[in-house]
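Q:
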Amino acid sequence: MPHLYLVDGSGYIFRAYHRLPPLTNKHGEPVGAVYGYTTMLWKLADELHAAEGPTHMAVILDKSSKTFRNDLYDQYKAHRPPPPEDLVPQFPMIRDATRAFSLPCIETEGLEADDIIACYAKAALAQGWQVTIVSSDKDLMQLIEPGLDLYDTMNNRRLGPEHVAEKFHGIAPSQLGDVLALMGDSVDNVPGVPGVGPKTAAKLILEHGDLAGVLAAAEGMKKGKLRDNLIEHADMARLSRELVSLRCDVALPEPLEDLELKGIPDAPLRAFLEHHGFRSLLTKLGQVADAPVENPASVDLPEDDDPPCNHDGYETVQDVDALDRWIAVARHQGWIAVDTETSSTDATQAELVGVSLALAPNLACYIPLGHGGNDLLAEVPVQIDREVALAKLKDLMEDPSVLKIGHNLKFDMIVLGERGISVAPHDDTIVMSFDLDAGLHGHGMDELAATHLSHACIAFKDVVGTGKTQRGFHEVDLNAATRYAAEDADVTLRLWKRFKARLPAEGSTRVYEMVDRPLAPVIARMERRGIKVDREVLARLSDEFAGRIAEREGEVHALAGQPFTIGSPKQLGDILFEKLGLKGGRKGKSGVYSTDVTELERLARDGGPGAEIVRKVLDWRQLTKLKNTYTDALQAQINPKTGRVHTSYSLTGAQTGRLSSTEPNLQNIPIRTEVGRQIRDAFVAEPGNVILAADYSQIELRLAAHMADVPALRDAFANGDDIHSLTATELFGEVNRDTRARAKTINFAILYGISRWGLAGRLEVSADEAQAMIDRYFERFPGINRYMAETLTQVRDHGFTQTLFGRKTHFPRIKSRNQGERQGAERAAINAPIQGTSADIIKRAMVRMEPALEAAGLPQVRMLLQVHDELVFELPEGDVDAASAVIRDVMERAAEPAVMLSVPLGVEIGTGASWGAAH
DNA sequence: GATCACCAG
DNA sequence: TAAACCCTGGTGATCA
């Protein structure tokens, strides 16, 4: 049967333009969008031989911006800005590209591409053809019917009626025109009815059948804004209906038969690709020409055994017998996927609403435990008695013969931990994904399901809604809750099977088993403990800062001669560099003067007339930063029940393997300035206890000395010498405050993947001078240069770097054609093995810490925080000496025996009544 | 949501 | 040839 493909050329060129960097060809013409468009046509050409592939094809374009719709409504598309300057010359090139593929290119005066597409679609359907519209435009979705679908090549998916129903809250494609008319479209300036969005529009159409029905029913609706708007703007709605209608009453510019595909001749395509220098496509063309013409669809992809997700088979467990059955099967097979549903994303404060379990693909259930609305009159659904269910789940979660599988199980461990349930043994798919694919993509379940299972998970917001109408999960009806929750466990189980096989095959078992897997429960306990914060200290600082901020503000305004928003870099830049005429203002790419701290410090140092105001601004900045980000924000984060702050650590937050900390971020509490440092005094110990802080000393430089095998650095660390002084001697011949500071900067720059320009900017010397220092460094510390070269070779060959423990970080951008991106990837790749190994080591220390303290008879020593190279503890005063010895020993030997370092690791320990005092 | 600025290791 | 601007993070304010 003939299958007609209609390509929405205009739609694609805009999307390609915004999605690709601004490429130019060798003639200096911008071609980013052309390139995107060409690759899209290519993709379609590849489908030529497939079963569902095209037999007929045409590209449809917009002829001019003025169409019959402007006659209907002069405001139509009135606000649309003209296309970007460098896109305009690409429009004719789109026609060239289309011709190069020997495809017909159709455009008609007074009609939009959408209308022409509709005309052809109707004509083809009338003849019994299949039709595919290559577009994802919502207006075109109106045309979907049996025999016609949309194909979105950017996201590689086909859009049918289900997609419309999903996107527009249950409506059919035939009703879409009425919905679009009601909701309007701000981009095209279709007015619609004020206050009516997609949701309301869909609801109205579903209730009243069509637009006419809605407008007729308006009078009878209950009084309110919606009713008034419907009545008042009825005419606009009718006009909008006309605007969104696709007009298919004109004769076809070219008969259907003429659109038949007769193959793509090689020569014109090759000429086109060569003209623009699309080398990757030329290479492909060579391959295509050589390859025998076969049906690519017959090539078998390795099929996964798992059946597609089927939500209908999920069970809602509402009685004890059913729960017992699920638990019995879990015990029999030895593993089960688990997920908890709660009232909040803050695990330490969340209410438990339900638990879902999965035993095999599509064999999953949901156990509601806390459903029932806040409304006392609402009916509470049948649920197993909470205590009974939790007791049974506790037995299962703590059963050493059953592996519990979760996605970000740390969250569930905290929620269940708060209810006296521990979870062991366990596997965590978010951690597995991170250990396999860090740097390639995110590790959220929805993204992993899409990437690995080609499955679109039910969106959480589709279950609970958004904004004012959002409900708690406990208010969701059990059918919807079961589908959502059981699907999570089902998907987790499917992901686990794949990752479990990949870990050994890809050499990531070591880091997973030795470092990351055992860490999750340790972090869960740290988060539950939290750290005590003295609200009084923060409140006092907030007050003090507020006074000083007001003072500075007045002074700055007086010096400026006018009030303005100091916090606005734009306004501040204008005041300093325009009004006051200070010299040396640099504008960034957004046209705003740079007013960052290096720039302002330069102005302050240079003396001059602006120095005073600049100093006041710097002062103001520091104080507002401290107040807004720390003293105010931290008070709000104190858990009222515990009086403590419970941060949340992300195990997958940093590509290198480091942890990251959020809500609040306790890894960036000030310390470098005296004013900021005071904030640390608010982090205190309970009476009778003290805070102990243990820091690795220069761990990254030590690791660099080991990994790059630099004899001079190794010896210096072995002897306990000051490493920055040594560097100063080697580079500058003498040690004083200045040379040591410069040497320190260079040492860090080396770790961060040095560039002459970066170092030059940091040291305020010329790039040539910076280069000379780098050369001298490489000469004095042989090994560093070789290490960097080897790291780059490895990442270019394999796409990833590795730590001493085998942790991979992928750098897909290492092959980027964009120089900036590529060099950024190179610097990050130099740094990743060192930063990542350091992260591995402290994680191992954390895993071993609790058992070691336990074994030493120090169960009251509690590990609270990790700050990359520092661990913070709270412990009884009397335990300090014994605990210090254990902590130091565990940290210094954390790499062993898996990795034996050629340099010692040093740990500095301090104690005090507060975190500030412990440093 | 993008941008700027700035806190930490 | 021009541009490059040191790595890893998170948060708050402003502005479009």
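For the first sequence, position 162 matches number 162 in UniProt numbering, and the numbering has no gaps at all.
Ideal Cβ positions, reconstructed from N, Cα and C, are used throughout, including at glycine.
Please read all numbers here as calculations on a predicted model, not as lab measurements.
1) Threshold first: 4 residues or longer. Then list the alpha helix (DSSP H) segments lying entirely within the stretch 484–526, N to C.
2) Count the other CB atoms within 10 Å of the CB of Trp757; is the residue buried (16 or more) or exposed (fewer)?
3) Closest by CA to Lys532, which one among Ala682, Pro563, Ile171 and Met221?
4) Are there 16 or more other CB atoms within 10 angstroms of the CB of Val134, so buried, or fewer, so exposed?
5) Going by alpha carbons, who is nearest to Ser648 out of Ile171, Thr348, Leu901 and Ala486?
6) Short check: CB of Leu478 to CB of Ala358, under 7 Å?
7) If you reduce the DSSP assignment to three classes, tell me which class Asp149 lands in.
8) For His3 versus Pro54, is the C-beta distance shorter than 7 Å?
9) Let me know the secondary structure DSSP gives Arg644 once reduced to three states.
10) Is it the case that the Cβ atoms of Val556 and Lys570 are separated by a distance below 7 Å?
11) Can you name, in chain order, every residue of its own chain whose Cβ lies under 6 Å from the Cβ of Glu294, other than the five neighbours on each side?
12) Using DSSP with H/G/I as helix, E/B as strand and the rest coil, what is Leu440?
13) Mind the definition here: the stretch 684–702 touches the stretch 903–917 only if three or more C-beta pairs lie below 8 Å; say whether that holds.
14) CB-CB under 6 Å to Pro381, same chain, minus the five flanking residues each way: which ones, in chain order?
15) In the structure shown, what three-state DSSP assignment does His3 receive?
16) So, residue 925 versus Val244, is the Cβ gap smaller than 7 Å?
17) Should the stretch 758–778 be regarded as contacting the stretch 696–716, the criterion being three or more beta carbon pairs within less than 8 Å?
18) For a quick check, are the C-beta atoms of Glu874 and Leu864 less than 7 Å apart?
19) According to DSSP, is Asp8 helix, strand or coil?
20) Mind checking which residues open and close the alpha helix (DSSP H) that includes Glu599?
21) Determine the contact status of Phe781 and Val710, defining contact as a CB-CB distance below 7 Å.
22) Measuring straight from C-alpha to C-alpha, what distance separates Ala33 and Pro83?
23) Would you call the CB atoms of Lys392 and Leu495 closer than 7 Å?
24) So, is Leu301 buried or exposed, given that buried needs 16 or more other C-beta atoms within 10 angstroms?
25) What did DSSP end up calling Lys808 once you bin it into helix, strand or coil?
26) Buried or exposed: where does Pro292 fall if 16 or more other Cβ atoms within 10 Å of its Cβ makes it buried?
27) Where does Pro30 sit, in a helix, a strand or coil, going by DSSP?
28) Specify the secondary structure class of Leu903 as computed by DSSP and reduced to three states.
29) Tell me, to the nearest whole angstrom, how far the beta carbon of Leu256 is from that of His56; I am working on the premise that it is less than 8 Å.
30) Beta strand (DSSP E) containing Lys532: first to last residue?
31) Roughly how many whole angstroms lie between the Cα atoms of Val288 and Asp96?
32) For Val614 versus Ala604, is the C-beta distance shorter than 7 Å?
33) Between the C-alpha atoms of Pro307 and Ala450, what's the straight-line distance to the nearest angstrom?
34) Which parts of the stretch 135–201 are runs of the alpha helix (DSSP H), unbroken and 4 residues or longer, counting only runs that do not cross its ends?
35) Express the C-alpha separation of Leu215 and Ser10 in angstroms, rounding to a whole number.
36) Take Glu303 and list the residues in its own chain whose beta-carbon comes closer than 8 Å to its own, dropping the five residues that flank it on each side.
A: Quick look at the numbers:
1) none
2) exposed
3) Ala682
4) buried
5) Answer by Cα proximity: Thr348.
6) no
7) strand
8) yes
9) strand
10) no
11) Reliability of the predicted coordinates at Glu294 is poor, the pLDDT of 29 falling under 50, and no value is obtained from them.
12) coil
13) Yes, they touch.
14) His371 and Leu478
15) strand
16) Beyond the ends of the chain as shown, which are 1 and 919, falls residue 925; an answer cannot be given.
17) no
18) In contact: Glu874 and Leu864 (Cβ atoms closer than 7 Å).
19) Assigned with DSSP and collapsed to three states, Asp8 falls in strand.
20) Val597 to Arg605
21) yes
22) 12 Å
23) no
24) Interpretation of Leu301 is limited by its pLDDT of 31, a score under 50 that renders its predicted location unreliable; the figure taken from the coordinates is listed afterwards. Per the 10 Å Cβ criterion, exposed.
25) In the structure shown, Lys808 adopts extended strand secondary structure according to DSSP, grouped into three states.
26) Below a pLDDT of 50, predicted positions are generally treated as unreliable, and Pro292, at 31, falls in that range; the measurement from the model is reported next regardless. Looking at its Cβ environment, which holds fewer than 16 other Cβ atoms inside 10 Å, Pro292 is exposed.
27) strand
28) In the sequence under discussion, the amino acid at residue 903 is Val, which differs from the Leu named in the question. Assigned with DSSP and collapsed to three states, Val903 falls in coil, not helix or strand.
29) 7 Å
30) Note, Lys532: beta strand (DSSP E), Ile531 to Val533.
31) Because Val288 carries a pLDDT of 41, less than 50, the predicted location of this residue cannot be relied on, and the following value inherits that uncertainty. Rounded to whole angstroms, Val288 to Asp96 spans 21 Å at the Cα level.
32) The Cβ-Cβ distance between Val614 and Ala604 falls below 7 Å.
33) 15 Å
34) 161–167 and 173–183
35) Pairing Ser10 with Leu215, the inter-Cα distance amounts to about 34 Å.
36) Low confidence applies here, because Glu303 scores a pLDDT of 40, under 50, leaving its location unreliable; read the following figure in that light. Counting only Cβ-Cβ distances below 8 Å, and skipping sequence neighbours, we find nothing.
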